[in-house]
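Numbering (the working numbering), first residue to last: 2 to 530.
Yeah, the Cβ is synthetic: ideal placement off N, Cα and C, and Gly gets one too.
Everything below concerns the one structure shown next.
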């Protein structure tokens, strides 16, 4: 199946603008305390960055967290340390609380999952023997992008696995960083204004303050509230902010909601846990919902569960997906087993993205398990797992693995590789079967990666990525079976990549690694709140 990637840009913009504005409000209701240290309501280390991101000297929240450069591999892409420093500077309130809100354009890397043109496929059931792609029978054809894994060791000079992880994380980082950074702006503005926090069981209603002081075209705030809930079972303070809104885009009106629940686990907020829930509904966009028997309209929803347990340990779990209909309630979180069907019309239909991060806040290294599934009927995830470590002089090294994982609804294996499907969409491949859940071969692609001290990007020191697009992952010498990466189906302009087979003089024997040789360990998820 072609990989379909949709990202709800309007949500990030709306929520960011909204939260920045509400932090400056002054009207309130309910009982309040005299506490004004609003930094305790914000997680100061939760910035989303790939462990393979290029390093940068910039710590501008405007540049690094919101308007960051868009192409993986750029020297000024977002590393964890720069983004974290920028967020903490914002929360401290020593400078201005405002910053520019934009959503970056993240370019797909072509070293991963390019379009593949092939002729005389050996798994074809109706070969015609024609050695040109005549479009007849099933031995000549075209594989759509997204399912062929790492096809070239590098993207420019950068390791392909690093570039792909940067792309994947970059596409969700803009959403997450906008949310967290804007709560940082709220803390900053709250400090400057001396706004009192609510006491336990009370809330501050900022709806009127927002509407009285801020005008944003086409945006309507129906509710903006900051509350303090009852302490948790360990006696920790629990803060919650809830925003509800609507925006008119063209001829359609979209409605949105964001909820931040933050729990400091130490008095100085140096350790904490919490969750962000968000949604944006669009009545005129249904994608695959109608075809699957679901409700019309669409709700893009996401959650960020986070926890910092020490100065060197922070982890967060991300989930984003598109649900059918406009009434989906994000308050109860996201459930990947909640799939759309004729009997479940408001389930999810498209583009589930899952990321589990375990990082060292002091240097940004650690482990990331990332899985994505284009459609709820896919039955398989694409998985990229990366782990990095740093030595004493600042050099970073690690390993990256790509393969296929179980259905996103399978909680135990989510984010782990359980096989490699070398022929997903070709003749007699996985996509041609009613049951797409087969693990394929017990193999995975692997790249050893490193970044020298002072260098800006990761390079590949070893690549085990070669395979043939057949059910066995291999191809015999002789015959006429060839395949190559091309720019598109119409022009078929060759991209000249390492996994291409343009001559049949030699056999193709895969050099993928056995699953038993995979050294990656999936991080443990944060505690739910």
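Burial state of residue i (16 or more Cβ within 10 Å)
i           : result
residue 172 : buried
residue 232 : exposed
residue 498 : buried
residue 478 : exposed
residue 442 : buried
residue 292 : exposed
residue 296 : buried
residue 495 : exposed
residue 506 : exposed
residue 26  : Summary for residue 26: the model assigns pLDDT 32, below 50, so the residue's position carries little reliability; its value from the coordinates is reported in the next sentence. Residue 26 should be labelled buried.
residue 420 : buried
residue 326 : buried
residue 518 : exposed
Helix, strand or coil at residue i [DSSP, three-state]
i           : result
residue 165 : helix
residue 367 : strand
residue 62  : Because residue 62 sits at a pLDDT of 28, beneath the cut-off of 50, its placement in the model cannot be relied upon, and the following sentence gives the value as read from the coordinates. Looking at residue 62 - three-state DSSP - the assignment turns out to be helix.
residue 71  : Only weak support exists for where residue 71 lies, its pLDDT of 28 falling under 50; the value from the coordinates is given anyway. If DSSP states are grouped into helix, strand and coil, residue 71 belongs with coil.
residue 172 : helix
residue 110 : coil
residue 302 : strand
residue 335 : coil
residue 35  : Caution applies to residue 35, whose pLDDT of 41 falls short of 50 and renders its modelled position unreliable; the model cannot decide the point.
residue 231 : coil
residue 432 : helix
residue 411 : coil
residue 516 : helix
residue 53  : coil
residue 266 : coil
residue 90  : helix
residue 403 : strand
residue 425 : coil
residue 19  : In this predicted model, residue 19 has a pLDDT of only 29, less than 50, meaning its place in the structure is not dependable enough to derive any value.
residue 523 : coil
Cut-off 6 Å between Cβ atoms - residues of its own chain near residue i, not counting five sequence neighbours on either side
i           : result
residue 306 : 276, 318 and 527
residue 447 : 402, 465 and 514
residue 532 : Outside the displayed span of the chain (2 to 530) sits residue 532, for which this structure offers no information.
residue 163 : 53, 450 and 459
residue 371 : 169, 356 and 385
residue 227 : 205 and 242
Sequence-distant residues of the same chain with beta carbon closer than 8 Å to residue i, five excluded per side
i           : result
residue 229 : 198, 199, 200, 201, 202, 203, 204, 238, 239, 240 and 241
residue 428 : 122, 124, 125, 126, 139, 140 and 142
residue 508 : 475, 476, 477 and 478
residue 267 : 273
residue 529 : 276 and 306
residue 154 : 112, 160, 161, 448, 461, 464, 466 and 499
Beta-ladder partner(s) of residue i, from DSSP
i           : result
residue 458 : Its beta-bridge partners do not exist; DSSP assigns none.
residue 531 : The first residue shown for the chain is 2 and the last is 530, placing residue 531 beyond what the model contains.
residue 325 : 299
residue 278 : 260 and 304
residue 246 : 222 and 257
residue 450 : 399 and 461
residue 44  : Note: residue 44 sits in no beta bridge, so no partner.
residue 499 : Beta-bridge pairing links residue 499 to no other residue.
residue 117 : 144 and 486
residue 389 : 399
residue 126 : Partner(s): none; residue 126 has no beta bridge.
Contacting residues, own chain, Cβ-Cβ under 7 Å from residue i (five flanking each side not counted)
i           : result
residue 118 : 134, 143, 484, 485, 487 and 493
residue 253 : 283, 284 and 285
- Item | Cβ contact (3+ pairs, closer than 8 Å) linking the region 373–384 and the region 405–420 | yes
- Query: If we count Cβ pairs, one from each stretch, closer than 8 Å, do we get three or more for the region 353–363 versus the region 394–404?
  - Reply: no
- Message: Can you confirm whether the region 356–373 touches the region 335–348 when touching is taken to mean that 3 or more C-beta pairs between the two stretches lie within less than 8 Å?
- Response: no
- Item | Meets three-Cβ-pair contact criterion under 8 Å: the region 388–398 and the region 149–160 | no
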